[in-house]
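Colleague:
As structure tokens, this is what we get:
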């Protein structure tokens, strides 16, 4: 078996692995955005913690977290 056969096998392997699909997380990330600001409708990931939500409410709207994100617990 010469080096030409190894190169051909590698090309075939690479072509087969490309068909597996992309590894993009964008669809998963869009689905995980379930916290939405009631004022500006900006979406946040479900894993966003209270300090980040409080910072958004104070800096953007001069409100409390409870006013911008009703129903989200601390």
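In our numbering, the protein residues as written are 5 to 78.
Backbone N, C-alpha and C fix where the C-beta goes; we use that ideal spot for every residue, glycine too.
Keep in mind it's a predicted model, so treat the numbers as computed, not measured.
1) Closer than 8 angstroms by C-beta to residue 74: which residues in its own chain qualify, once you throw out the five before and the five after it? Chain order, please.
2) By DSSP, does residue 76 sit in helix, in strand, or in coil?
3) Could you pull the DSSP bridge partners for residue 39 from this structure?
4) Can you give me the C-alpha to C-alpha distance between residue 77 and residue 62, rounded to a whole angstrom?
5) Measuring CA to CA, which of 47, 70, 65 is closest to residue 54?
Modeller: Let's see:
1) As a position in the chain shown, residue 74 is number 70, starting the count at 1. If we look at residue 74 and ignore the five residues flanking it on each side, its Cβ neighbours are 42.
2) The residue given as residue 76 occupies position 72 in the chain shown. Note: residue 76 maps to coil in three-state DSSP.
3) Translated into the one-based positions of the chain shown, residue 39 becomes position 35. As a beta-bridge residue in DSSP terms, residue 39 pairs with 48.
4) In the chain shown, residue 77 corresponds to position 73, counting from 1. In the chain shown, residue 62 corresponds to position 58, counting from 1. If I take the Cα positions, the gap works out to 17 angstroms.
5) Residue numbering aside, residue 54 sits at position 50 when the chain shown is read from its first letter. Out of 47, 70, 65, 70 has the C-alpha closest to the C-alpha of residue 54.
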